[in-house]
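Quick notes on the structure that follows.
Numbering (the UniProt record's numbering), first residue to last: 1 to 625.
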């Protein structure tokens, strides 16, 4: 018998491409242990990975010119077979490449008959029809992913319980069933954002369309129309939005009951791999047993790490404020911070964002900078290259904030939005051998399965998973179908659309220009781009002060201009991008994109009408119809 291939995969923790290829190759090695052995080399972050690969010169061992220039995560190579002990990663037999090259090799590794009979492989979790436990599946966490998995598993015949208990925020805020998205995330955020847009349309656009709101005048000439003055009423918005959310909380409980999922409004703690202690709000405890466990507890905001940091609220609290936030400081450059700053400013409150380094880390840099410029034109102020070092209460119940540069100011509200950690504290993971990332407390998995085979995870609690509601839902459904149905379909975490609901909305799918350049090299990437003025903005003088909309498409010049990323800044960004996400999943090329006839006049047609490349140096400023 010939020795197995020894394949090494190195990459950084949190890289979706690294996670995907290690999952794929790991499954192949489990399926064909005599043909393939996979050795993983995982680094904590990008600097550590680059230090090893580039600065310390490991890539020089690859021999080929392409290998010596490799800079991105992951990198894959073969080493020579070792007869005893682990193979030496530096004893290189062949440089393979990055994610795409490794995926192509994996496809060729399996014969057609292999593919037909070989699904994705998870470890045997010991589940049997006559297991003798109380439940087939207990889901811990009542957010989008947990509920989706619970309902799907029950639909497939499993006996399911769902445990959900909201631990109050440090400010004492708590909410109902549905998780972050429904209660303190996507839903209230989008509704406040919509309200901000309504106000802006009344102020910026109404008179230009011949509309005078509340004015007792009937002029014949547009210019005689008065400008619209609007007043935001925080309590009214809060009441109506919270009433809607409470209706959703109730509907979710009804749907669980309709699917025969037992809902337990209790705090769950793992005692062992099959036993869960549940405690109600009065502290009464009992044990339940289960064959399988799904952890879907999501995440919570990271607190400000400075003196007096406990005085700051978080996104868990802002939507529950009885009165408007007043003069507000948003700490952090995350999408949560910028989205909150956007609607708070739009409702008429003095708003400042404190930024340590760059806006929207992980998103396209050019687009992020345009968002910052647009927010400033909307009255949001930015303090850059600073962090809060001290918060203290002063007169009139205000908060004095001292910054790292020595400056200070007072605010009515300080909102911390510096990131999120998985809500895995006191869950009992240490009792069952489930490993987490010490930095963010997220659970390590392969195909949503932890190192303890009968314990699974989906959603924001899972390391390497995009923190997006639709991702958690789809992953939860796919997992339930694999566990209790006949499906072998894995969740695909690559090329997922996302939208940032800042005043100038931003939606994207695929790679940013920066990541594409790093992954493929500057010479192999082209960018098609254009500024444009959406028709709905075209006759408003005030809109011109905010700047133009923008779109760009990033392509791989070496592969028939395959589209690597699509980016759009403008109205209705999420609605525009959704269909392009389908095209990206299908591997669309730029030629196929531009051969699609656009709908006129729309903003979406700007994407299929792109023709100006960055390399040409031509002006990409807004033009006419």
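We put the beta carbon where it would ideally sit given N, CA and C, even for glycine. Values in this document were obtained by computation on a predicted structure and should not be read as measured data.
Sub-7 Å separation of residue 177 and residue 153 beta-carbons: Between residue 177 and residue 153, the gap from beta carbon to beta carbon reaches 7 Å or more.
Exposed unless 16 or more other CB atoms sit within 10 angstroms - verdict on residue 463: When all chains shown are included, residue 463 counts as buried.
Chain-order list of residues whose beta-carbon lies under 8 Å from that of residue 343 (same chain, five-residue window excluded): Correct list, in chain order: 189, 192, 193, 195, 196.
Reduced DSSP secondary structure (H/G/I, E/B, other) of residue 302: Correct three-state label for residue 302: coil.
Reduced DSSP category for residue 504 - H, G, I as helix; E, B as strand; rest coil: Coil at residue 504, not helix or strand.
Three CB pairs or more closer than 8 Å across the region 135–149 and the region 205–214: Segment contact: the region 135–149 against the region 205–214, fewer than three CB-CB distances shorter than 8 Å; contact not assigned.
Those residues which DSSP pairs with residue 388 across a bridge: Under DSSP, the beta-bridge partners assigned to residue 388 are 403.
For residue 479: DSSP bridge partner residues: None, per the DSSP bridge assignment.
Residue 25 to residue 40 span [Cα, whole Å]: Across the structure, residue 25 and residue 40 are spaced so that their CA atoms are roughly 10 Å apart.
Sequence-distant residues of the same chain with beta carbon closer than 7 Å to residue 516, five excluded per side: If we look at residue 516 and ignore the five residues flanking it on each side, its Cβ neighbours are 525, 554, 564, 565.
Through-space distance from residue 201 to residue 221, alpha-carbon basis: Its pLDDT being 49, under 50, residue 221 is placed unreliably by the model, and nothing is read from it.
Assigned exposure category for residue 301 - 16 Cβ within 10 Å defines buried: By the 10 Å Cβ count, residue 301 comes out buried.
Backbone secondary structure at residue 71 - three-state DSSP: Three-state result, residue 71: coil.
Contacting residues, own chain, Cβ-Cβ under 8 Å from residue 253 (five flanking each side not counted): Counting only Cβ-Cβ distances below 8 Å, and skipping sequence neighbours, we find 177, 263.
Residue 298 CB to nearest heavy atom of the ligand GTP below 6 Å: The ligand content of the structure shown is nil, which means the ligand GTP is not present either.
Residue environment, residue 10, which counts as buried when at least 16 other CB atoms sit within 10 Å: Classification for residue 10: buried.
Alpha-carbon spacing of residue 65 relative to residue 551, whole angstroms: The alpha-carbon separation between residue 65 and residue 551 amounts to approximately 34 Å.
Spatial neighbours of residue 612 in its chain, beta-carbon cut-off 7 Å, leaving aside the 5 residues before and after: Sequence-distant Cβ neighbours of residue 612 in its own chain, meaning closer than 7 Å and more than five residues away, are 528, 529, 530, 618, 620.
Rounded separation between residue 385 and residue 597 - CA only: In a straight line, the C-alpha of residue 385 is about 45 Å away from that of residue 597.
Residue from 163, 603, 205 whose Cα sits closest to the Cα of residue 539: Nearest C-alpha to residue 539: 205.
DSSP three-state assignment for residue 597, whether helix, strand or coil: Look at residue 597 here: in three-state DSSP terms it is coil, with no helix or strand label.
DSSP bridge partner residues for residue 566 (one or two, in chain order): In the DSSP output, where bridge partners are listed per residue, residue 566 has 509, 553.
Backbone secondary structure at residue 422 - three-state DSSP: If DSSP states are grouped into helix, strand and coil, residue 422 belongs with the strands.
Alpha helix (DSSP H) runs wholly inside the region 100–184, at least 4 long, in chain order: Within the region 100–184, complete alpha helix (DSSP H) segments of at least 4 residues are found at 112–117, 144–155, 179–184, given in chain order.
Residue 343 in three-state terms, based on DSSP: Note: residue 343 maps to helix in three-state DSSP.
Presumed contact (8 Å Cβ cut-off) between residue 513 and residue 71, rounded CB distance: The Cβ separation is near 15 Å, so there is no contact.
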